[in-house]
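Remarks on the structure that follows.
There are 2 protein chains.
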Amino acid sequence: MDKKDLQILALLQKNAATPLAELAQAVNLSSTPCWRRVQKLYESGVIQKQVALCDPRKLNVPVTVFVSLRAGEHSDAWMKRFVRAARDIPEIIEIYRMSGDVDYLLKVVVPDIAGYDKVYKRLIAAVDLQDVSSGFAMEVLKATTELPLDYAD
Amino acid sequence: MDKKDLQILALLQKNAATPLAELAQAVNLSSTPCWRRVQKLYESGVIQKQVALCDPRKLNVPVTVFVSLRAGEHSDAWMKRFVRAARDIPEIIEIYRMSGDVDYLLKVVVPDIAGYDKVYKRLIAAVDLQDVSSGFAMEVLKATTELPLDYAD
DNA sequence: TATGAAATCGACCGCCC
DNA sequence: GGGCGGTCGATTTCATA
């Protein structure tokens with residue numbers, strides 16, 4: 001990936017609806033070669049997809065909760081059950097297996113505290129958990145889907 | 001927002017490039033009224049924007065780190081300096097002010113551990129921090145930008 | 001082999017019903 | 001909410017360096 005590809009990515013990460021003409025102008029190319037570059041970025045999987053980002057407040061899920069938890073037991077079966085259960089809960093939008101003192105970290109979006117409690121109950125109903133601790137986001141200071149392009153080869 | 005709007009949102013959250021015709025068919029509408037609904041969703045800010053999502057591995061930032069930190073001092077000036085510094089670091093893609101024992105939670109993407117150390121150093125060079133603890137994601141089990149639509153009015 | 005110009009094709013967006 | 005038609009941008013072909 002050369003400089004032009006990275007410029008294209010920078011623009012598309014900000015706004016996937018950027019007209020091809022504008023994209024082409026930004027990288028000093030005419031639309032055809034620029035278009036082919038964009039195609040290649042999709043085909044090679046660098047760009048995974050193109051999505052609409054919604055406002056959590058407008059969808060009535062203004063509260064973000066980070067949940068740290070420790071597994072009830074450390075077996076493959078437990079993990080599978082846990083992942084299956086957590087993936088099926090739409091309020092849980094991110095799941096990470098972590099190093100260190102907590103086993104998993106979840107990012108959860110809910111309307112309010114009561115909404116979080118429902119998710120919590122649904123989770124402990126599905127699997128045994130040794131420890132669950134939740135932290136509420138008071139304020140979102142930054143939230144972007146743009147990945148840094150400084151490290152790409 | 002009625003059921004059709006939510007169906008449209010569900011599809012656009014998965015794929016913002018969905019052709020209007022397909023969208024219209026999914027909600028049993030002809031393209032014009034469907035298009036008008038989509039416009040309204042943008043204008044009303046329910047849909048904030050449309051972005052390209054990239055593969056972190058392809059961009060050489062396969063490592064996700066969650067950083068919990070406590071402020072060096074609790075003043076408005078400190079917070080402003082911190083937010084300004086952290087926002088300017090492209091590897092820091094999310095910043096939350098938290099309740100509870102940690103003051104802030106950061107989501108950071110880097111190529112490797114050494115890359116994280118650079119971000120860490122850059123951060124402590126900018127502001128005084130009382131406590132910093134980092135957790136590395138070993139595995140991403142779920143990561144979506146789709147918000148749950150169950151709570152929307 | 002990669003680019004650019006031009007023609008085609010389809011989606012989008014205004015009109016009116 | 002639906003249907004029509006113009007306009008615009010996206011995609012393909014072809015010529016070129």
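Top line first, the protein sequences correspond to chains A and B.
Just so we're aligned, residue 1 is where the first sequence starts under our numbering, counting upward by one.
Just so we're aligned, residue 1 is where the second sequence starts under our numbering, counting upward by one.
Beta carbons are placed, not taken as given, at the ideal position from N, Cα and C, and that holds for glycine.
- prompt: Across which residues does DSSP place residue 92 of chain A in a beta bridge pair?
  reply: According to DSSP, residue 92 of chain A bridges with A/108.
field: Assigned secondary structure, residue 137 of chain A (DSSP; H/G/I helix, E/B strand, else coil)
entry: Of the three classes helix, strand and coil, the one that applies to residue 137 of chain A here is strand, per DSSP.
task: Specify the secondary structure class of residue 152 of chain A as computed by DSSP and reduced to three states.
output: coil
field: Limits of the alpha helix (DSSP H) - the one that residue 58 of chain B falls within
entry: Neither: residue 58 of chain B is in no alpha helix (DSSP H) and is coded neither H nor E.
field: Cβ-Cβ separation, residue 47 of chain B to residue 12 of chain B (assumed contact under 8 angstroms), whole Å
entry: That pair is a contact at about 7 angstroms.
DSSP-derived helix/strand/coil call for residue 29 of chain A: coil
field: Distance, residue 138 of chain B Cα to residue 86 of chain A Cα
entry: Roughly 17 angstroms separates the two Cα atoms.
- prompt: Are at least three pairs of beta-carbons, each pair with one atom in the segment 141-150 of chain B and one in the segment 87-95 of chain A, less than 8 angstroms apart?
  reply: yes
- request: List the residues of chain B that residue 49 of chain A touches, going by C-beta distances under 9 angstroms, in chain order.
  value: 14, 15, 16, 17, 52, 53
- request: Below 9 angstroms between beta carbons is the criterion; list the residues of the segment 92-114 of chain A that meet it against any residue of chain B, in chain order.
  value: 92, 93, 94, 95, 96, 97, 98, 99, 100, 101, 102, 104, 105, 106, 107, 109, 110, 111
message: Any beta carbon of chain B sitting closer than 7 angstroms to that of residue 60 of chain A?
response: yes
- request: Please name the residues in the segment 141-152 of chain A whose beta-carbon is closer than 8 angstroms to at least one beta-carbon of chain B, in chain order.
  value: The residues in question are 141, 142, 143, 144, 145, 146, 147, 148, 149, 150, 151, 152.
message: Among A/73, A/110, A/122, A/111, whose alpha-carbon lies nearest the alpha-carbon of residue 102 of chain A?
response: Out of A/73, A/110, A/122, A/111, A/73 has the C-alpha closest to the C-alpha of residue 102 of chain A.
field: Contacting residues, own chain, Cβ-Cβ under 7 angstroms from residue 149 of chain B (five flanking each side not counted)
entry: Excluding residues within five positions, the ones whose Cβ falls inside 7 angstroms are 6, 9, 10.
message: Do residue 56 of chain A and residue 109 of chain A have their beta-carbon atoms positioned less than 7 angstroms apart in this structure?
response: yes
- prompt: With DSSP run on the structure shown, which of helix, strand or coil describes residue 38 of chain B?
  reply: helix
message: Looking at residue 23 of chain A: is its Cβ nearer than 7 angstroms to the Cβ of residue 59 of chain B?
response: no
- request: List the whole-angstrom C-beta distance separating residue 99 of chain A from residue 135 of chain B, where the pair is believed to meet the contact cut-off of C-beta under 8 angstroms.
  value: 7 angstroms
6 angstroms Cβ shell around residue 128 of chain B - same chain, five flanking residues per side excluded: 72
query: Which residues does DSSP pair with residue 1 of chain B in a beta bridge?
result: Residue pairing for residue 1 of chain B: DSSP places it in no beta bridge.
message: Once the 5 residues before and after residue 14 of chain A are set aside, which same chain residues still bring their CB inside 7 angstroms of it?
response: 146
message: Please report the straight-line C-alpha distance between residue 69 of chain A and residue 63 of chain B, rounded to a whole angstrom.
response: Using only the alpha carbons, I get a separation of about 20 angstroms.
Sheet register partners of residue 64 of chain A (DSSP bridge): A/109
- prompt: Looking at residue 125 of chain A and residue 1 of chain A, is the spacing between their C-beta atoms short of 7 angstroms?
  reply: no
message: Under 7 angstroms, Cβ to Cβ, is there at least one residue of chain B near residue 22 of chain A?
response: no
query: Can you tell me where the alpha helix (DSSP H) with residue 85 of chain B in it begins and where it stops?
result: For residue 85 of chain B, the uninterrupted alpha helix (DSSP H) run begins and ends at 76-87, by DSSP.
query: Taking buried to mean at least 16 other C-beta atoms within 10 Å of its own C-beta, is residue 84 of chain B buried or exposed?
result: exposed
- prompt: Of all the CB atoms in chain A, is at least one closer than 7 angstroms to the CB of residue 67 of chain B?
  reply: no
message: For residue 26 of chain B and residue 39 of chain A, what's the separation of their Cα atoms in angstroms?
response: Each residue's alpha carbon lies about 27 angstroms from the other.
- request: Find the residues of chain A that neighbour residue 165 of chain B, judging by a C-beta separation of less than 8 angstroms, and give them in chain order.
  value: Lying before the first or after the last residue shown, residue 165 of chain B is absent from chain B, which here runs from 1 to 153.
message: Rounding to the nearest angstrom, what Cα-Cα distance links residue 132 of chain A and residue 117 of chain A in this structure?
response: The straight-line gap separating the alpha-carbon atoms of residue 132 of chain A and residue 117 of chain A is approximately 12 angstroms.
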